[in-house]
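Okay, so here's the structure we're looking at.
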Amino acid sequence: MRINILQHTPNEGPGAILDWADKHQHEVYIYHPYQFGKLPKAEETDLLVILGGPMSPNDDLPWIRQERALVKEIIEADKPVYGACYGAQMISKVLGYKIGKAPAKEVGWGPVDLQTNTIPGLPKQLNVLHWHEEMFEIPQDAEVLYSNEVLRNQGFVMNGRIVGLQCHLEPEKTNIREMVVNDGDYIEGSVLGQNAQDILDAEISPDNKAAIFKIFDYITK
Numbered sequence: 024m025r026i027n028i029l030q031h032t033p034n035e036g037p038g039a040i041l042d043w044a045d046k047h048q049h050e051v052y053i054y055h056p057y058q059f060g061k062l063p064k065a066e067e068t069d070l071l072v073i074l075g076g077p078m079s080p081n082d083d084l085p086w087i088r089q090e091r092a093l094v095k096e097i098i099e100a101d102k103p104v105y106g107a108c109y110g111a112q113m114i115s116k117v118l119g120y121k122i123g124k125a126p127a128k129e130v131g132w133g134p135v136d137l138q139t140n141t142i143p144g145l146p147k148q149l150n151v152l153h154w155h156e157e158m159f160e161i162p163q164d165a166e167v168l169y170s171n172e173v174l175r176n177q178g179f180v181m182n183g184r185i186v187g188l189q190c191h192l193e194p195e196k197t198n199i200r201e202m203v204v205n206d207g208d209y210i211e212g213s214v215l216g217q218n219a220q221d222i223l224d225a226e227i228s229p230d231n232k233a234a235i236f237k238i239f240d241y242i243t244k
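For what it's worth, this note's numbering labels the leading residue of the sequence shown as 24, then goes sequentially.
The structure is reproduced here in structure tokens:
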């Protein structure tokens, strides 16, 4: 399987997703469209991963317009798609739904609660990394996957092939350090009330990696 990953900022990489790919001996290609303007072709994509970033799917930039077209083509081809944060918003936007301000800015660690058992074996609650102040609408044909008290729309699952999460399951310890040292100013104003050191000191639950493995197993089955 060829996994094409769209990375949208240097400090938000694929993290544990690479471990899942290695486990199954899949080929991974990482694109940086914000920098190089390059995107894969739909026909050379078996699984599309859309990572987070500081931009919005609403932004009128040439590469974002091109990315929307690619995501639409891959969804229409019934190929598996996973979106994290901006990536989940991009999926919702392509499907015709609105992206706008969330009720509050969430940056730091906090729980999300499972809302459906469609994906077997997911934990009832996960302590995940949040790094956002926008949100997606849940597509009409999708189920809410995770929610919390701040934001109902923390994740969705759709058609057995698509999962979007507003939060982040993929970061590992080095990824967290990279996010904090490069984008730590963004923490200010978060409803979660954590500082940079709080975020760095938090233990990453092994449940997060296990959950992302189950999600990828599900959409690629």
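Glycine is no exception: its CB is placed at the ideal position from the N, C-alpha and C atoms.
Within the segment 31 to 66, complete alpha helix (DSSP H) segments of at least 4 residues are found at 39 to 46 and 56 to 59, given in chain order.
Between I97 and A65, the CB-CB gap stays under 8 angstroms. When Cβ pairs closer than 8 angstroms are counted between the two stretches, the segment 197 to 215 is seen not to touch the segment 113 to 124, the count staying below three. By the neighbour-count criterion, in which 16 or more other beta carbons inside 10 Å mark a residue as buried, E35 falls on the buried side. Excluding the 5 residues flanking it on each side, G110 has same chain C-beta neighbours closer than 6 angstroms at I73 and L74, in chain order. DSSP, read as helix, strand or coil, puts Y105 in strand.
Note that the segment 136 to 149 touches the segment 167 to 178; at least 3 beta-carbon pairs, one per stretch, sit closer than 8 angstroms.
With contacts defined by Cβ atoms closer than 8 angstroms, P162 and L149 do not form a contacting pair. Residue range Q148 to F159 is occupied by the beta strand (DSSP E) that includes N150.
If you ignore the 5 residues before and after I26, its C-beta comes within less than 6 angstroms of the C-beta of A44, H49, V51 and L70, all in its own chain and listed in chain order.
Residue environment analysis places K124 among the exposed positions, since fewer than 16 neighbouring C-beta atoms fall within 10 angstroms of its C-beta.
Counting the other CB atoms within 10 Å of its CB gives P103 a total of 16 or more, which places it among the buried residues.
Distance from the CA of N182 to the CA of P33, rounded to the nearest whole angstrom, comes to 31 angstroms. Counting the other CB atoms within 10 Å of its CB gives T197 a total below 16, which places it among the exposed residues. In the displayed model, M181 falls within a strand according to three-state DSSP. F59 is classed as exposed because its beta carbon has fewer than 16 other beta carbons within 10 Å across all chains shown.
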